[in-house]
Each structure stands twice: as C-alpha cells, then as structure tokens.
Amino acid sequence: MSQNDNNAKLIACETLRSTKAFHELSPGAMEALVEASELLLLPEGTTLFHAGEKYRKVVYVLVQGEMLVERTYGRAEQVQPGEFIGLANYIDHHDYLSSAHAVTQATLLAVSADLMSRMEHERPDFFNVVNRVIAGKLRERNPDRSIAAG
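Per our numbering, the very first residue in the sequence shown carries number 575; after that it's consecutive.
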C-alpha cells in the first residue's frame, strides 16, 4: 500500500470516528474496518448506482463530501459523513431501489458484505453501530410511534 493510501485511510478513520454513527466504535474495530475496505473517490455529479441495478454486495459509508439518495417515488435524502449507503440492500440482498449521486466530490468507504458480516459477528461494537443506525432510520420513518411505559 502506498503512503498516500495509508494517509487516506488514516484520515478516513479519524473522520469516521468523529461522526455520530461511529464515535463509539473502538479504534481497533475502526482500523480493521477501514484497512479491509476500499476507499472510493467519486467526482461531483457521479452516480454510484441507479435504481434497478443489481446489488453489488457492498455497503458504502460516506467519509467526506455530500451524497444524495433518490428513491424511485420521488423522496430524496442527503447523506452525511458517517452514514451508510446500501445498508438495506445488505440486509435484504435485493437490487437497489434508489439511485445515489455525488453532490460534491465524495470519498466513500466500500465495505464488502462479507466484511460487514464478519465484523458484525466478531466485533460487538460494530454490531451495535449497525443496529443503532437501523433503529435511527426506523425512528425517522415513524416519528409518531409511541412507546408504552410500564
């Protein structure tokens, strides 16, 4: 690995550790995740994937820049650094139901589905990160849900 690759991965670790999703992930788990993943640089205006494309068995994490995920029914979500792209596809193995575009130049961590699964099984703190993200997405989609108090 070149010095530039090492520097880019170090910056990715530091950047992700400062995000809401990854701030509680142990340094060892963060390093393992980033080292075993690929960093992608998307120029502004580039499409990462289109709705209807076959799932690539990769989950993306935005490291830097701005991405937009557009659903086929018109809803669009801005993706912030530290957020997953394609997590639902990892869970259900279905083709992409949305399109993801780089609004600005974007750096992404491409995490293989195999690595995601291995990290979830071997690193409880990573498992917790994924579950917190899923729970947060569920809450966003159903903000009026009530929790019964006992």
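Just so you know, even glycine gets a beta-carbon here, dropped at the ideal spot from N, CA and C.
For the beta strand (DSSP E) containing residue i, name the first residue and the last one.
i, result
"Tyr-732", "Residue 732 lies beyond the stretch modelled for the chain, which goes from 575 to 724, so this question has no answer here."
"Phe-596", "Unbroken run through Phe-596: none, as it is neither H nor E."
"Glu-612", "612 to 616"
Per the DSSP calculation, residue i is bridged to which residue(s)?
i, result
"Met-641", "Val-653, Ala-676"
"Ser-686", "Val-632"
"Ile-659", "Tyr-634"
"Val-589", "The sequence given here places Thr at residue 589; Val does not occur at that position. Bridge partners of Thr-589: none, in fact."
Decide if residue i is buried, meaning its Cβ has at least 16 other Cβ atoms within 10 Å, or exposed.
i, result
"Ala-722", "Residue confidence is low: Ala-722 scores 49 on pLDDT, short of 50, so the model does not pin down where it sits. Its coordinate-derived value is still stated next. Flag for Ala-722 reads exposed."
"Gly-724", "Residue placement at Gly-724 is poorly supported in this model, since its pLDDT is 46, which falls under 50; the coordinates still yield a value, given next. Gly-724 is exposed by the Cβ-count criterion."
"Ala-659", "Inspection of the sequence shows that residue 659 is occupied by Ile rather than by Ala. Flag for Ile-659 reads buried."
Quick one: Cα of residue i to Cα of residue j, how far?
i, j, result
"Pro-601", "Glu-588", "9 Å"
"Asn-663", "Tyr-670", "7 Å"
"Lys-711", "Val-703", "12 Å"
"Leu-613", "Asn-716", "33 Å"
Ignore the nearest five residues each way along the sequence and tell me which others in residue i's own chain have a CB closer than 8 Å to its CB.
i, result
"Phe-700", "Leu-599, Ala-603, Leu-607, Met-693, Glu-694"
Where does the unbroken alpha helix (DSSP H) through residue i begin, and where does it stop?
i, result
"Leu-607", "601 to 609"
"Leu-712", "698 to 715"
Could you pull out every residue in the same chain whose Cβ sits closer than 6 Å to the Cβ of residue i, ignoring the five residues on either side in sequence?
i, result
"Asp-619", "A small correction: the amino acid at residue 619 is Gly; Asp does not occupy that position in the sequence shown. Result list for Gly-619: empty, nothing under 6 Å."
"Thr-646", "Ala-625"
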